[in-house]
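At position 20 of the sequence shown the residue is numbered 19 (numbering that gives the first Met the number 0), and the sequence of numbers has no breaks.
From the three backbone atoms N, C-alpha and C, an ideal C-beta is built for every residue, glycine too.
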Amino acid sequence: MLAAAQFAAYVDRGLPAVVAPLIKAQFGLTDTQIGLLQGPAFSTLYAVGLLVAGHYVAGRDPWRLAAGCLIVWTGGAVLFALAPDYPGMVTARILMGLGQAAFAPAALMLLTDQEDPGRRARALSTFTTGSASGRSAALLLGGAALAMVAGRSFAGLEPWRAASLALVIPNLMLIAVFVRASRRHRISSRERGQGIVGALSLMRARWRVFVPLLIVGAGSVLLIQAGGAWSASILNRSFGLAAPNAALLAGAVALSFAPVGHLGGGWTLGSSFGRRVGAGPLLAGGMALAAAGALLLAASGSLAGAAVGLAGLTVGGGFAAVLVLIEIQAMTDIRLRPQVGAVYLAFVSLIGVGFGPLLTGIVSDRGAAGPDTLAWALVSVVGVTAVVVAGVALIFAGPWRRSTGV
């Protein structure tokens, strides 16, 4: 149930990447405005909400909280589909970010209640698979929905609005399931312990290892979000693919290769090779792969080459992102892991989700007009970020090894 809801959450938050070419044409938007819609409009209150939820969720019934979150963010998704203008879409994205903020802490409270370590690990991995798959499936399902409406209007709604509403239908079934679960299960309130204050105190006391990890994590997420937000638009502009076909191809590539990066990162760091090398060089390798993928996506003259480049960007970014999550967990006392996790997620969401799509849009708008401008704007953002992240990872590889004992 929780993985399905997390999957739906990431599908809903990734929808603007699917309809970007259509709303850009209809409302006369710039790439900067679309980047703002995909990034800060969602991530600002989402990051604030994560911190608040991380502090207070332990004193609330997680089933009721999860059901409430589903209702609020579904309302935001419906408002986005029906928004009459750009400010309305921004308001809808803000509401969606606020609704999704408390869901992950509520879900983690339920999942980590497992006493058996094996069951707990399997539960957490299943849950995170929902987010990784949902991010990619937004493009695939959104493209399929656009292809199904095939340019036709429904009840006076433009095709992108009809497709957006169609993707919300599964949320209604999830809401019914979660409301029923909240009535059947009663979770007693638990003490919050040190909350976010304890997490911040720990991170401040060990800032020499946590601050570089925050920088590297935010950079990794920035790459993923920039690529995910603009890949369909790049295929649309550079290769002339129709919006549904561009979204379908981008979604298929991302859905196929996102698990490779996430699973590959965890498996590699946990292997004997990974323990010998350490997280720093592995992170640098992931950044190199992501940068090379972005370059191939822009420079390739063939659709197949562009797909390979997108796969490299997806694998490299996911590989690096999961390594940071593993290191954060290893450096944190078990009693503070949920709170430190909330701080980490809030920071990387604010920076990575907030600025990845936006920076790419700004660079694109300031470049020379042309079908490949957006692709090279993505190369610029990914390249600079990859250099910074790889440099920080290599510099602090030693302190991280000493902190984790690996």
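Residue i and residue j closer than 8 Å at C-beta
i, j, result
"SER5", "GLY133", "Note on identity: in this sequence residue 5 is Gln, with Ser being the wrong assignment. Yes. Within cutoff."
"GLY308", "ASN244", "no"
"ALA19", "SER232", "yes"
"LEU234", "ALA249", "yes"
"SER181", "TRP62", "yes"
"LEU21", "ALA242", "yes"
"THR331", "LEU201", "yes"
"GLY382", "THR313", "no"
"LEU44", "ALA341", "no"
"ALA327", "VAL339", "The sequence shown places Ile at residue 327, not Ala. In this structure, VAL339 lies closer than 8 Å to ILE327 by Cβ."
Per DSSP, the bridge partner or partners of residue i
i, result
"LEU156", "PHE153"
Residue i versus residue j: straight-line alpha-carbon distance, rounded
i, j, result
"LEU14", "LEU294", "25 Å"
"LEU302", "GLU157", "29 Å"
"VAL391", "ALA283", "9 Å"
"VAL386", "VAL380", "10 Å"
"SER130", "LEU199", "26 Å"
"VAL323", "MET108", "21 Å"
"GLY304", "LEU296", "7 Å"
"GLY413", "LEU335", "Since the first and last residues shown for the chain are 0 and 405, residue 413 lies out of range."
"ALA66", "VAL176", "9 Å"
"GLY279", "ASP84", "45 Å"
"GLY87", "ALA137", "21 Å"
"PHE126", "LEU1", "6 Å"
"ARG92", "ARG12", "8 Å"
"GLY273", "LEU213", "21 Å"
"GLY360", "ALA228", "10 Å"
"VAL71", "SER299", "42 Å"
"ASP30", "SER363", "7 Å"
First and last residue of the uninterrupted alpha helix (DSSP H) at residue i
i, result
"MET0", "Run containing MET0: none; DSSP gives neither H nor E here."
"ILE325", "302-329"
"PRO86", "85-100"
"THR29", "Element bounds for THR29: n/a, residue is neither H nor E."
"ALA228", "206-238"
"ASP371", "Unbroken run through ASP371: none, as it is neither H nor E."
"GLY74", "61-81"
"ILE361", "353-365"
"SER271", "271-276"
"LEU50", "39-55"
is_contact[residue i, chain B] using C-beta, thresh 8 Å
i, result
"ARG401", "Here there is only one protein chain, and chain B is not present."
message: Counting beta carbon pairs with one atom in the region 37-50 and one in the region 160-177, are three or more of them shorter than 8 Å?
response: no
query: Are the region 20-35 and the region 351-367 touching by the rule of at least three beta carbon pairs closer than 8 Å?
result: yes
message: Below 8 Å, how does it come out for the region 191-210 and the region 93-107: are there three or more Cβ pairs, yes or no?
response: no
field: Cβ pair count under 8 Å reaching 3, the region 201-214 against the region 394-401
entry: yes
task: Take every Cβ of the region 280-289, pair it with every Cβ of the region 310-318, and state whether three or more of those distances are shorter than 8 Å.
output: yes
message: Assess contact between the region 211-221 and the region 342-352, defined as three or more Cβ pairs (one per stretch) separated by less than 8 Å. Is contact present?
response: yes
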